[in-house]
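Have a look at the structure below, then the notes.
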Amino acid sequence: MDGAGRPTYSDFLAFLDKEPRALTAFHVIETQEPPRRLVLTPTHLLFVAENASAPTAHFRPIFASLVRPGHFVLVVAGGGSLQPAEVVRVWDRRDVGAYAPLTRHGTLVVDGVVASCFALVQEQQLAQLAFWPLRLYHSLVGWPGVQGDGVHWYSGLLYRLGRLLLPPDSFHPLGISQAES
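Numbering (the numbering used here), first residue to last: -12 to 168.
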């Protein structure tokens, strides 16, 4: 999704986090009309509106853990257009493996639902701006090759800088507790 809320293709750049063997807590969000099921970590951002009549560009990113039945998320409809779908059920589950891909636009479609590439920090635009140097690097150099498991070095650096420069309420509480343990 581009800055105006229009669906667009976006290049994959890297994994911000890649944990294929980690037991991970997930938040499952289910919609109807059309039916979709999205599984993501509670700290990931998802684009949400309070009503179905909100323009696509007015869907705001919130942490997945704050999504409730009655909210509306953006889903891909026939012909590749985006439409709102009402959240009807939300629950938690644990599963093995977690991946956080970064795209050029900072958004992606997962199981038919538009989601952010970003987690832990609540500001989509700030996160997108902070990853500008990594996007520039990929534009100049291209794909760097095989990426190992774990948190990408640049993601880790930004998180440490953010903890120094941003107020604590800028982060998801789970992100703060994980960093302190």
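In this text, a Cβ means the ideal position worked out from N, Cα and C, and glycines have one as well.
Just so it is clear, the structure is predicted and the values come from calculations on it, not from any experiment.
Distance check for residue j and residue i, CA to CA, integer angstroms please.
| i | j | result |
| --- | --- | --- |
| THR(-5) | LEU3 | 21 Å |
| PRO154 | LYS5 | 27 Å |
| PRO48 | GLU110 | 7 Å |
| VAL62 | ASP98 | 9 Å |
| SER68 | ASP(-11) | 13 Å |
| GLY132 | ALA1 | 10 Å |
| TRP130 | LEU123 | 12 Å |
| PRO42 | GLY137 | 37 Å |
| ARG8 | GLU17 | 25 Å |
| LEU116 | ALA85 | 24 Å |
| GLY143 | LEU127 | 22 Å |
| THR94 | GLY66 | 19 Å |
| GLY57 | GLN112 | 25 Å |
Under 6 Å Cβ to Cβ from residue i, same chain only, skipping five residues before and after it: list those, please.
| i | result |
| --- | --- |
| TYR141 | LEU121 |
Between the beta-carbon of residue i and the beta-carbon of residue j, is there less than 7 Å?
| i | j | result |
| --- | --- | --- |
| ARG23 | VAL100 | yes |
| VAL26 | VAL15 | yes |
| PHE50 | HIS139 | no |
| LEU185 | VAL96 | The structure shown does not extend to residue 185, since the chain spans only -12 to 168, so no value can be given for it. |
| LEU32 | PHE118 | no |
| PHE(-1) | ARG80 | no |
| VAL108 | ALA102 | no |
| SER(-3) | HIS92 | yes |
| PHE59 | ALA39 | yes |
Using 6 Å as the cut-off, classify the Cβ of residue i as near or not near the heavy atoms of the ligand MN, replying yes or no.
| i | result |
| --- | --- |
| GLY99 | As for the ligand MN, it is missing from this structure, which has no ligand bound. |
In chain order, what residues of the same chain lie with their CB nearer than 8 Å to the CB of residue i, ignoring the 5 residues before and after it?
| i | result |
| --- | --- |
| ALA166 | Bear in mind that a pLDDT of 46 at ALA166, under 50, signals an unreliable position, so the model cannot answer this. |
| ARG55 | VAL74, VAL77 |
| GLY19 | The displayed chain sequence assigns Gln, not Gly, to residue 19. So the qualifying residues of the chain are ALA72, GLU73, VAL75. |
| ALA64 | PRO21, GLN70 |
| SER52 | HIS14, PRO29, THR30, HIS159, LEU161 |
| GLY135 | LYS5 |
| LEU152 | none |
| THR90 | SER(-3), ASP(-2), PHE(-1), LEU0, CYS104 |
| SER168 | Any reading at SER168 must be qualified, since the residue scores a pLDDT of 40, below 50, and its modelled position is unreliable; the value itself is stated next. Cβ within range, chain order: n/a, list empty. |
Near residue i, which residues of its chain fall below 7 Å by C-beta distance, leaving aside the five closest residues on each side in sequence?
| i | result |
| --- | --- |
| LEU148 | none |
| ASP156 | none |
| HIS45 | ALA36 |
Quick one: which unbroken alpha helix (DSSP H) runs of 4-plus residues sit fully inside the stretch 69 to 107? Chain order, please.
-> none
Uninterrupted beta strand (DSSP E) stretches inside the stretch 31 to 67 (no shorter than 3 residues) = 31 to 36, 47 to 50, 59 to 63
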